[in-house]
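Heads up, the sequence shown is in our numbering, so the first residue is 45 and it goes up one at a time. Glycine included, C-beta positions come from ideal geometry on N, C-alpha and C. In this text, all values refer to a predicted model and were calculated from it rather than measured experimentally.
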Amino acid sequence: MTTFDTPPSTQARSTGPTVQEVLGAEAERQVVPSALLIESAADFGVADLPKERYLDKAYHDREVAKMWSKVWQMACREEDIPNVGDSINYEIVDESIIVVRTGPTEFKAYVNSCLHRGTQLIRGKQSVQSFSCPFHGWSWNLDGTMRNLPCQWDFPQLDKSTMSLPEVKVDTWDGWVFINLDPDSGTLPEYLGQILPAHFEQMPLKSRFKAAHVQARVPANWKATMEAFIESYHVFITHPQIVSITGDHNTQYDVFDQHSNRMVTLIAVPSPSLGDSVDDEEIVETYAEFLGSNEPTEIPEGKTARDVASEIHRTEFTKLYGVDMSKMSNTELIDAIEYALFPNFIPWAGDGFPIVYRFRPDGDNHQACIVDVMLMGMCPEGIDPPTAAVHWLDAAPGSDSPDWTTAPELGPLGAILNQDMANLSRVQRGLRASKKDVTFSAYQESRIRHFAHILDRYLEA
Ligand code: FES
Ligand SMILES: [Fe+2]
Numbered sequence: 045m046t047t048f049d050t051p052p053s054t055q056a057r058s059t060g061p062t063v064q065e066v067l068g069a070e071a072e073r074q075v076v077p078s079a080l081l082i083e084s085a086a087d088f089g090v091a092d093l094p095k096e097r098y099l100d101k102a103y104h105d106r107e108v109a110k111m112w113s114k115v116w117q118m119a120c121r122e123e124d125i126p127n128v129g130d131s132i133n134y135e136i137v138d139e140s141i142i143v144v145r146t147g148p149t150e151f152k153a154y155v156n157s158c159l160h161r162g163t164q165l166i167r168g169k170q171s172v173q174s175f176s177c178p179f180h181g182w183s184w185n186l187d188g189t190m191r192n193l194p195c196q197w198d199f200p201q202l203d204k205s206t207m208s209l210p211e212v213k214v215d216t217w218d219g220w221v222f223i224n225l226d227p228d229s230g231t232l233p234e235y236l237g238q239i240l241p242a243h244f245e246q247m248p249l250k251s252r253f254k255a256a257h258v259q260a261r262v263p264a265n266w267k268a269t270m271e272a273f274i275e276s277y278h279v280f281i282t283h284p285q286i287v288s289i290t291g292d293h294n295t296q297y298d299v300f301d302q303h304s305n306r307m308v309t310l311i312a313v314p315s316p317s318l319g320d321s322v323d324d325e326e327i328v329e330t331y332a333e334f335l336g337s338n339e340p341t342e343i344p345e346g347k348t349a350r351d352v353a354s355e356i357h358r359t360e361f362t363k364l365y366g367v368d369m370s371k372m373s374n375t376e377l378i379d380a381i382e383y384a385l386f387p388n389f390i391p392w393a394g395d396g397f398p399i400v401y402r403f404r405p406d407g408d409n410h411q412a413c414i415v416d417v418m419l420m421g422m423c424p425e426g427i428d429p430p431t432a433a434v435h436w437l438d439a440a441p442g443s444d445s446p447d448w449t450t451a452p453e454l455g456p457l458g459a460i461l462n463q464d465m466a467n468l469s470r471v472q473r474g475l476r477a478s479k480k481d482v483t484f485s486a487y488q489e490s491r492i493r494h495f496a497h498i499l500d501r502y503l504e505a
């Protein structure tokens, strides 16, 4: 039985202009990517979801056996391992995988465990010409074949030529390196479907670079945590400082193909739940303040608040990146355009907030997770800026969560993340006390229902 066996839910929507109304009007005077001029809502009913999906170790074990072992997972950026021999250790629950660049555009992945007594061959990020075990020195070439077996005379049972490292499937898309633990899986392009690649063709991340990468442990299930980042329903209460410039409750939620979905939240429009209480001047001033900009905030005749906010954004980010952003539309400049690829990869498009999130269980602990927050910068052609190394944030003293504002590279996002994360330890603790299943809305939380639906399919397979 799936979780979505209820009658069709209501098609009700918030008051306020729709995303399509606003972007449709702007498309008459600027080039808006066609990817943003479509809507694709889906109906997954209104049934509660069982709270066990966040609490039960047995449920987590099924996720490991039937989902994490089958899906394509974003392991790193191509630029994290720019030179041949550069390697990174990607971990998911108990799995540890070496992802290595073996050629200018070639990558391989191997099980990160010595074939002698199991030692991890690499940790973190390393640049190597071979994988050499730190214990007794067994080593492997970058192509996975065995290189050296010290005192081979003492291993009469072994034949070096059959001692290659076990391979893991690897492929790339839009600058990201993905792995799949299932040797019988379909291809990455099959998994991505049609829509996601087509949309990122229009708003590519490939040409961008990772300007920030912050990682921390959050004391909540990975799904509960991710679900706090794929809806804008919470903005009104959790992030009150941005509601005058965030079209939260009239966000558009789309479901694509089988593994991807999206939301588009208009920025520099007020929350519909504020009624008519916000004027255009206040919107532009609040937006400028949010960016820390001193640019002029007057709204010339014939321009909208979004036009002026976009111009402020364009000016500030042109200074920051040194690239020509003159052709970017309002929506690409300021809106929150957030895609998601099941199970846990959340790349944003456009430039409003060039964020990428990833959410994984904290090792084999399903009541905590590891969150990655990346910012994707732009740079002039021919310049190769350094890729941000991972900045690990420890929990603040006396707290179970880190203070995200201690990562200055996140800019104004740090304070927003603190607000989101403050909810999450309470979510996990409260779920344990709860006497009911978990309730979700029909539309604003439809992306959560979509991913829950996909997860059900994996678990039932
Ligand atoms: S455990 Fe790796 S060489 Fe012995
Ligand atoms: Fe949030």
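- Return the chain-ordered ranges of every alpha helix (DSSP H) run that is complete within the region 335-401 and spans a minimum of 4 residues. Taking 4 residues as the shortest admissible run, the region 335-401 contains the following complete alpha helix (DSSP H) segments, listed from N- to C-terminal end: 349-365 and 374-378.
- Leaving aside the five residues before and after residue 134 along the sequence, list all residues of the same chain whose C-beta is less than 7 Å from its C-beta, in chain order. Stepping through the sequence shown from its first residue, residue 134 is reached at position 90. Annotation for residue 134: 119, 120, 141, 143 and 223 place their beta carbon closer than 7 Å to its own, counting only its chain and skipping 5 residues before and after.
- What number of angstroms, rounded off, separates the C-alpha of residue 88 from the C-alpha of residue 302? One-based indexing of the sequence shown puts residue 88 at position 44. One-based indexing of the sequence shown puts residue 302 at position 258. The alpha-carbon atoms of residue 88 and residue 302 are separated by roughly 13 Å.
- Hey, which residues come within less than 7 Å of ligand 2, measuring from Cβ to any heavy atom, in chain order? That gives 272, 273, 278, 279, 282, 283, 460, 463 and 464.
- Item | From 406, 275 and 132, residue whose alpha carbon lies closest to that of residue 262 | To locate residue 262, count along the sequence shown from 1; it is residue 218. With distances taken between Cα atoms, residue 262 lies closest to 406.
- Between the region 405-419 and the region 252-272, do at least 3 Cβ pairs fall closer than 8 Å? With the cut-off at 8 Å, the region 405-419 and the region 252-272 touch.
- Message: Suppose you measure from the CA of residue 176 to the CA of residue 284; what does that come to, to the nearest Å?
- Response: Counting from 1 along the sequence shown, the entry for residue 176 is found at position 132. Counting from 1 along the sequence shown, the entry for residue 284 is found at position 240. Residue 176 and residue 284 have their C-alpha atoms some 53 Å from each other.
- Query: Taking the C-alpha atoms as reference points, what is the distance between residue 83 and residue 289?
  - Reply: Within the sequence shown, residue 83 is the residue found at index 39, counting from 1. Within the sequence shown, residue 289 is the residue found at index 245, counting from 1. Rounded to whole angstroms, residue 83 to residue 289 spans 22 Å at the Cα level.
- Item | Which of helix, strand or coil DSSP assigns to residue 277 | In the sequence shown, counting from the first residue as 1, residue 277 sits at position 233. It is coil, neither helix nor strand.
- Close beta carbons around residue 354, own chain, < 6 Å, minus the five adjacent residues each side: The residue given as residue 354 occupies position 310 in the sequence shown. Once the five neighbours on either side are set aside, the close Cβ partners of residue 354 are 374, 377 and 378.
- Task: Sort out for me which residues DSSP pairs residue 216 with in a bridge.
- Result: Counting from one through the sequence shown, the residue named residue 216 turns up at place 172. Looking at the DSSP output, residue 216 sits in a beta bridge with 221.
- Give the straight-line distance between the Cα atoms of residue 216 and residue 477, rounded to the nearest whole angstrom. For the purposes of this step, residue 216 is taken as the residue at position 172 of the sequence shown. For the purposes of this step, residue 477 is taken as the residue at position 433 of the sequence shown. In a straight line, the C-alpha of residue 216 is about 42 Å away from that of residue 477.
- Task: May I ask whether a heavy atom of ligand 1 can be found less than 8 Å away from the beta carbon of residue 179?
- Result: Along the sequence shown, one-based indexing puts residue 179 at 135. True, at least one ligand heavy atom lies under 8 Å from that Cβ.
- Message: Please return the same chain residues whose Cβ sits closer than 7 Å to the Cβ of residue 485, not counting the five positions on each side in sequence.
- Response: The residue you call residue 485 lines up with position 441 of the sequence shown. So the list reads 277, once near-sequence residues are dropped.
- Item | Pairwise C-alpha distance: residue 110 and residue 503 | Stepping through the sequence shown from its first residue, residue 503 is reached at position 459. Stepping through the sequence shown from its first residue, residue 110 is reached at position 66. As the crow flies, the alpha-carbon of residue 503 is around 6 Å from that of residue 110.
- Exposed or buried, what is residue 156 when buried is set at 16 or more other beta-carbons lying within 10 Å of its beta-carbon? Along the sequence shown, one-based indexing puts residue 156 at 112. Classified as buried, residue 156 has 16 or more neighbouring CB atoms from the shown chains inside 10 Å of its CB.
- Message: Assuming residue 267 is part of the alpha helix (DSSP H), what are its boundary residues?
- Response: Numbered from 1 along the sequence shown, position 223 holds the residue referred to as residue 267. Boundaries of the alpha helix (DSSP H) around residue 267: 266-271.
- Once you ignore the five residues that flank residue 494 on each side, which residues in its own chain have a CB closer than 8 Å to its CB? Within the sequence shown, the letter at position 450 stands for residue 494. Correct list, in chain order: 86, 88, 299 and 305.
- Message: DSSP has residue 190 in a bridge; who is on the other side?
- Response: In the sequence shown, the residue the question calls residue 190 occupies position 146. Residue 190 is bridged by DSSP to 184.
- Message: At the level of alpha carbons, what is the spacing between residue 464 and residue 457?
- Response: For the purposes of this step, residue 464 is taken as residue 420 along the sequence shown, with counting starting at 1. For the purposes of this step, residue 457 is taken as residue 413 along the sequence shown, with counting starting at 1. Cα-Cα distance, rounded: 11 Å.
- If we call anything under 9 Å between Cβ atoms a contact, is residue 105 one with residue 171? On the sequence shown, position 61 is the one that residue 105 refers to. On the sequence shown, position 127 is the one that residue 171 refers to. Their beta carbons are not under 9 Å apart, which means residue 105 does not touch residue 171 by this criterion.
- Message: Below 8 Å, how does it come out for the region 350-369 and the region 389-396: are there three or more Cβ pairs, yes or no?
- Response: Three or more pairs of CB atoms, one per stretch, sit closer than 8 Å, so the region 350-369 contacts the region 389-396.
- Message: Extract the residue ranges of the alpha helix (DSSP H) inside the region 51-123, only unbroken runs of 4 or more that lie entirely within it.
- Response: If we require 4 residues or more, the alpha helix (DSSP H) runs fully inside the region 51-123 come out as 63-70, 96-99 and 101-107.
- Task: Return the first residue and the last residue of the beta strand (DSSP E) that residue 515 is part of.
- Result: Since the displayed the chain opens at 45 and closes at 505, residue 515 lies outside it and no answer follows.
- Taking the alpha carbon of residue 308 as the point to measure from, which residue in 293, 322 and 321 has its own alpha carbon closest? Within the sequence shown, residue 308 is the residue found at index 264, counting from 1. Of the listed residues, the one whose Cα sits closest to residue 308 is 293.
- When we look at the beta-carbon of residue 77 and count the other beta-carbons within 10 Å, is it buried (16 or more) or exposed? Taking the sequence shown and counting its residues from 1, one reaches residue 77 at position 33. By the 10 Å Cβ count, residue 77 comes out buried.
- To the nearest angstrom, how far is it from the Cα of residue 320 to the Cα of residue 59? Start at 1 with the first residue of the sequence shown, and residue 320 comes out as number 276. Start at 1 with the first residue of the sequence shown, and residue 59 comes out as number 15. When rounded, the separation of the alpha-carbon atoms in residue 320 and residue 59 is 12 Å.
- Item | Cβ pair residue 254, residue 432 closer than 9 Å | By one-based count along the sequence shown, residue 254 stands at place 210. By one-based count along the sequence shown, residue 432 stands at place 388. Contact flag set, yes.
- Query: Terminal residues of the continuous alpha helix (DSSP H) containing residue 500?
  - Reply: Mapped onto the sequence shown, residue 500 falls at position 456. From DSSP, the alpha helix (DSSP H) with residue 500 extends over 490-504.
- Between the Cα of residue 153 and those of 227, 97, 96 and 340, spot the shortest distance and give me the residue it belongs to. Numbered from its first residue, the sequence shown carries residue 153 at position 109. If we check each option's Cα against that of residue 153, 227 comes out closest.
- Message: At a threshold of 8 Å, does residue 162 count as lining ligand 1 (C-beta to nearest heavy atom)?
- Response: Position 118 of the sequence shown, counted from the first residue, corresponds to residue 162. Yes; taking the cut-off as 8 Å, the Cβ of residue 162 has a heavy atom of ligand 1 nearer than that.
- Message: Given this structure, state the Cα-to-Cα distance separating residue 231 from residue 483, to the nearest angstrom.
- Response: Here residue 231 refers to the residue found at position 187 when the sequence shown is read from its first residue. Here residue 483 refers to the residue found at position 439 when the sequence shown is read from its first residue. Their Cα atoms are separated by approximately 35 Å.
- Skipping 5 residues on each side, what residues in its chain have a beta carbon closer than 6 Å to that of residue 352? Within the sequence shown, residue 352 is the residue found at index 308, counting from 1. Same-chain partners within the cutoff: 328 and 343.
- Query: ligand 1 heavy atoms versus the CB of residue 195: any closer than 8 Å?
  - Reply: As a working mapping, residue 195 is identified with position 151 in the sequence shown. Answer for residue 195: no, Cβ out of range of ligand 1.
- Item | Rounded straight-line distance, which links the Cα of residue 195 to that of residue 166 | Sequence index remark: in the sequence shown, residue 166 carries index 122 (1-based). Sequence index remark: in the sequence shown, residue 195 carries index 151 (1-based). Going by the C-alpha atoms only, they are around 22 Å apart.
- Item | DSSP state of residue 432 mapped onto helix, strand, coil | For this step, residue 432 is matched to residue 388 along the sequence shown. In this structure, residue 432 counts as coil in the three-state DSSP scheme.
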